[in-house]
Amino acid sequence: MSVVAVIGAQWGDEGKGKIVDLLAERAKAVVRFSGGDNAGHTVINPYGEFRLHLVPSGIFHPGVVCIIGNGVAINPAVLLGEIDDLKKHGVDTSHLFISDRAHIIMPYHILLDGLEEERRGRGALGTTRKGIGPVFADKIARLGIRTCDLLDKEAFQSRLSSVLEFKNAILTKVYDAPPLSLKEIYQQYCHYGESLAPFIRDTGSILQEIMSRRETVLLEGAQGTMLDPDFGTYPYVTSSSPLAAGGSIGSGVSFRQIAHIIGVFKAYTTRVGGGPMPTELKDEIGELIRERAHEYGATTGRPRRCGWFDAVAGRFSIQINGFNSIALTRLDILDTLPSIKICTGYKLDGETLDQFPSNVAILHRCQPVYEELPGWQTSTNNIHDSKQLPSQAHQYIARLEELLSCPVNIISVGAKREQTIMVRQVV
Ligand code: GDP
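Structure below.
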């Protein structure tokens, strides 16, 4: 198999990192293709516990080429810190490459992210304030600075000087904030450029070469489908596409080369930040799931909103990504519950909707329609074979497969690599 995409199917934090770390054993390359250090993967393996924000989760496999694709927004200080931390833990980073087309987060992006959120007041989007929205806005506005720019100091200085003039006008005239110094930013980013230079490559060509040998490439998604700027709960969305199609644009791999698309779903739903979430549980069950699953953001530490599995959003996610397989994670979190609900439709003004609405004002008014299934109330943490799963867990998974019209090929029952049930081999 050539290219396999691993995509967040809900609102992010589905456990993509664990699935990629696991599948990377059989891959030649792993590519991050969207987002920035607003995404965070937690990976637990024999090297220890890591919170990766930019480096692909395949880094722990020495024979696997790890690429930060052109679709990723890079904060150089964060990336260099992450590389240092990995090295300190004995992880080899010589197989890490960064696209020469990736955009760079500059100090004004971070400043403006915070200032814009504050100005939104009660309508704040709940961004991570890491400059990700502003860097992608600049990419489209043709004001961006890319990794390749850092490699040519003279050209970089002239580009930075014209962009900064514009940004300083906004900082001083709109926000009454002090201007930023060209000299300081230039020197700092020249320094970053020197440190990152050994990693910066035309990564699209590296991938084409790997694919020409028919070796497997994994596209590692960040965030989740329901946060896509086109199809998610706009404007409560992220600023780059977490979809399988985004995997093509953000890596330089043609979408025709993507042979298999895995949608990673949690066995329930979580969401961090603002925006509608029809199945959110604001009661003791939601609290129980949050505490049992330790649902706090890997990047921000913010508590995640928890709720039942939303099959309406799930079907929409399958439709726009074209998943061939589902990886169902965190099934073990439901182990203690006497009964479990699945949202099969939304009720709006007495009518049942089975399509996901485009307008958040409508979504806010939707009431979930639930189906209740019995829980299994026994630990699944040490189960390695699907035949050993309790019958109620089988029933739950079979119902999800039916509602989503997609097979669950991987079941995750714990954070560790070995706590995984491979129902069918996907890579
Ligand atoms: P990602 O960004 O999609 O990789 O997700 P996060 O890293 O934000 O959150 C996933 C968390 O769940 C991490 O702490 C994982 O170690 C953990 N995890 C992954 N799969 C499972 C599972 O099946 N069960 C449990 N209990 N934890 C899991």
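Numbering-wise, the sequence shown is residues 162 to 588 according to the numbering used here.
Cβ atoms here follow ideal geometry from the backbone N, Cα and C, with glycine treated the same way.
Beta-carbon proximity list for residue i, same chain, < 8 Å, skipping 5 on both sides
i: residue 309; result: 261, 262, 361
i: residue 170; result: 385, 386, 424, 425, 426, 475, 478, 479, 482, 484, 487
Buried versus exposed call for residue i [16 or more other C-beta atoms within 10 Å across all chains shown]
i: residue 155; result: No answer is possible for residue 155: the residues shown for the chain start at 162 and end at 588.
i: residue 317; result: buried
i: residue 319; result: exposed
i: residue 306; result: buried
i: residue 439; result: buried
i: residue 327; result: exposed
i: residue 168; result: buried
i: residue 427; result: buried
i: residue 456; result: buried
i: residue 231; result: buried
i: residue 175; result: buried
i: residue 224; result: exposed
i: residue 179; result: buried
i: residue 525; result: exposed
i: residue 284; result: exposed
i: residue 409; result: buried
i: residue 342; result: exposed
i: residue 629; result: Nothing about residue 629 can be reported from this structure: the residues present for the chain run from 162 to 588 only.
i: residue 364; result: buried
i: residue 462; result: exposed
i: residue 301; result: exposed
i: residue 511; result: exposed
i: residue 444; result: exposed
i: residue 518; result: buried
i: residue 405; result: buried
CB of residue i within 7 Å of CB of residue j, strictly
i: residue 570; j: residue 478; result: no
i: residue 501; j: residue 495; result: yes
i: residue 177; j: residue 425; result: yes
i: residue 233; j: residue 193; result: yes
i: residue 105; j: residue 213; result: This structure does not reach residue 105, given that the chain is present from 162 up to 588, and the question cannot be answered.
i: residue 437; j: residue 346; result: no
i: residue 564; j: residue 472; result: yes
i: residue 470; j: residue 497; result: no
i: residue 354; j: residue 321; result: no
i: residue 102; j: residue 274; result: Not covered by the structure: residue 102. The range shown for the chain is 162 to 588.
i: residue 576; j: residue 205; result: yes
i: residue 166; j: residue 419; result: yes
i: residue 483; j: residue 422; result: yes
i: residue 529; j: residue 539; result: no
i: residue 490; j: residue 566; result: no
i: residue 379; j: residue 181; result: yes
i: residue 208; j: residue 252; result: yes
i: residue 259; j: residue 229; result: yes
i: residue 393; j: residue 433; result: no
Beta-carbon proximity list for residue i, same chain, < 6 Å, skipping 5 on both sides
i: residue 585; result: 570
i: residue 336; result: 276
i: residue 236; result: 198, 266
i: residue 352; result: none
i: residue 532; result: 503, 505
i: residue 219; result: 185, 191, 225, 227
i: residue 554; result: 537
i: residue 441; result: 466, 468
i: residue 527; result: 439, 507, 509
i: residue 376; result: 189
Beta carbon proximity, residue i to chain D, threshold 7 Å
i: residue 311; result: Here there is only one protein chain, and chain D is not present.
Residues near residue i by beta carbon distance below 7 Å, same chain, minus five either side
i: residue 557; result: 501, 534
i: residue 329; result: 340, 341
Meets three-Cβ-pair contact criterion under 8 Å: the region 179-191 and the region 398-409:
no
To test your reading of the DSSP string, which unbroken alpha helix (DSSP H) runs of 4 or more residues are found completely within the region 338-364?
343-357
Residue ranges of each alpha helix (DSSP H) run of no fewer than 4 residues wholly in the region 195-252, ordered along the chain?
237-249
Pairs of beta-carbons, one from the region 192-201 and one from the region 290-306, closer than 8 Å: are there three or more?
yes
Would you call the region 447-462 in contact with the region 386-395, where contact means no fewer than 3 C-beta pairs closer than 8 Å?
no
Can you find at least 3 beta carbon pairs, one from the region 533-550 and one from the region 564-582, that sit closer than 8 Å?
yes
Only counting runs of 3 or more residues, tell me where the beta strand (DSSP E) segments fall wholly within the region 256-306, in order along the chain.
257-260
For the region 522-564, which segments carrying the alpha helix (DSSP H) assignment without a break, of at least 4 residues, lie completely within its bounds, in sequence order?
none
Minimum length 4: unbroken alpha helix (DSSP H) runs contained in the region 378-402
none
So within the region 444-482, which uninterrupted alpha helix (DSSP H) runs reach at least 4 residues, ignoring any that extend past its ends?
445-454, 472-482
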